[in-house]
Structure formats: structure tokens, C-alpha cells
Amino acid sequence: MEKFEHLKTNPKFEACFWFPATNEQFRVSGDAKLLTMNNTTTFNHELGNYPLISPNVIKQYSSSLDLSNTEHHNTSAPSNPSPQEWESELKGKWEDLSRNLKSSFRKPEPGSIITPEKQKLLDSISRGVDGSHEVDGAKNFALVLLLADKVDYANLNGHQSRYVYSRYDDDQWDETEICP
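The sequence shown begins at 1 in UniProt numbering and counts up one residue at a time.
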């Protein structure tokens with residue numbers, strides 16, 4: 001729960017992804033947002049002006065359509081996912097978890113001191129006789145959405161290159177080539 005509270009008070013993140021097979025690195029930074037069963041109806045408001053597109057809007061396009069061709073775009077602005085879509089996404093990710101991982105969401109808070117009561121609960125959960133159901137852990141489950149504002153891309157193959165992509169005006173990106 002400590003990380004959950006931390007992200008609520010300071011949503012900044014930076015993550016680095018290195019792909020050794022291609023000698024490429026992506027450093028991504030921005031804000032992290034937490035999606036829980038308690039905020040599916042208000043989540044779009046929490047996102048602010050960060051542009052996301054509803055899966056239903058994406059389904060309107062065929063996989064072979066070039067989305068950069070503006071003549072095929074609807075003239076109205078794309079809509080964010082609906083509360084029902086957020087809830088569906090959250091439930092789908094929960095269902096994808098293994099039974100053992102789901103049971104971990106019913107355990108006492110990580111890092112808390114083991115008391116006799118907590119030890120008894122841990123033992124009963126591990127044996128599957130704690131009297132609760134898989135869905136009981138869902139209230140402690142959240143998805144973390146990483147809303148990128150900056151991407152630093154480095155290609156370290158042959159002719160090395162590095163670019164920084166910075167988001168501005170909600171959904172526009174600026175590209176700057178820098179020294180690798």
C-alpha cells in the first residue's frame with residue numbers, strides 16, 4: 001500500500017527499457033495514474049487532457065487503414081474510454097492473473113509485522129481455507145497507467161542516433177535529435 005499512496009501524492013515516473021538484441025534504449029517519463037474499481041467512473045477526469053482513444057473508436061478502423069490519412073478520420077475528437085471500458089479493462093487484467101497471484105491480494109499489507117493473527121490468515125490463505133473468494137482480493141488490485149510526456153530513444157547500432165520526443169499541446173510531439 002505504500003507505493004499506492006506514494007503514486008497518489010507524487011505521480012511522476014521514469015522508466016528505462018533496454019533491448020540488447022537490437023541495442024536500443026527507451027527512457028520514458030511522465031505521470032502514473034492508478035485505475036481501481038473505485039475510480040472507473042471518474043478516471044477520465046483524473047487523466048486531465050491526456051489523449052487516449054476508446055477501444056470502440058479504434059475498432060471502427062480496419063487494421064489495414066493508414067490512420068495518418070486524415071480524410072478517413074471522424075471530424076469529432078476521439079473520445080477517451082468510457083467508464084464501462086475502464087471497468088472491463090480492469091476486470092480483464094484481474095482475470096488474467098493466476099489463482100496464486102490473486103490470493104496475494106487478500107494477504108496482510110506487505111512489510112507489516114507478522115502477528116499471530118496475520119500468521120493464521122497467511123496459513124489459511126495458502127491452504128485455501130480462509131473463507132474468502134478470489135474476487136475479495138480485487139478491491140486491492142489496481143492498474144498503473146504510464147502517461148508519457150517525454151521519450152528518450154537511443155539506437156546504438158552502427159550509425160548511432162538518439163532522439164528526444166517531448167509532448168506539447170496535449171497530443172502533439174516534438175522530435176529533437178541529440179548526441180548519443
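Cβ coordinates follow ideal geometry from the N, Cα and C atoms, glycine included.
In this structure K150 does not touch Y168 by the C-beta definition: roughly 10 Å separates them, more than the 8 Å allowed. Excluding its 5 nearest sequence neighbours in each direction, P180 has C-beta neighbours in its own chain below 7 Å: A154, L156, Q160, S161 and R162, listed in chain order. For W18, DSSP records a beta bridge to Q25. In the three-state DSSP reduction, E177 falls in the strand class (E or B). A distance of 8 Å or more separates the beta carbons of R99 and E46. G137 counts as buried, since at least 16 other C-beta atoms from the protein chains shown sit within 10 angstroms of its C-beta.
For K102, same chain residues with a beta-carbon under 7 Å away, outside a window of 5 residues either side, are E134 and G137 in chain order. Non-local C-beta neighbours of K33 in its own chain, meaning closer than 7 Å and more than five positions away in sequence, comprise P11, E46, L47, L145 and L147, ordered along the chain. CA-CA distance, T115 to R106, rounds to 16 Å. By the CB criterion at 8 Å, E85 and S54 fall inside the cutoff. A154 is bridged by DSSP to Q25 and R162. According to DSSP, residue pairing for L147 in a beta bridge involves D31.
Between L7 and L90, the gap from beta carbon to beta carbon reaches 8 Å or more.
In the structure shown, Q172 falls within a strand segment according to DSSP collapsed to helix, strand and coil.
E87 has its alpha-carbon roughly 6 Å from the corresponding atom of T40. In this structure, the alpha-carbon of N56 lies about 31 Å from that of D152. Among the bridge pairs identified by DSSP, R99 is matched with none.
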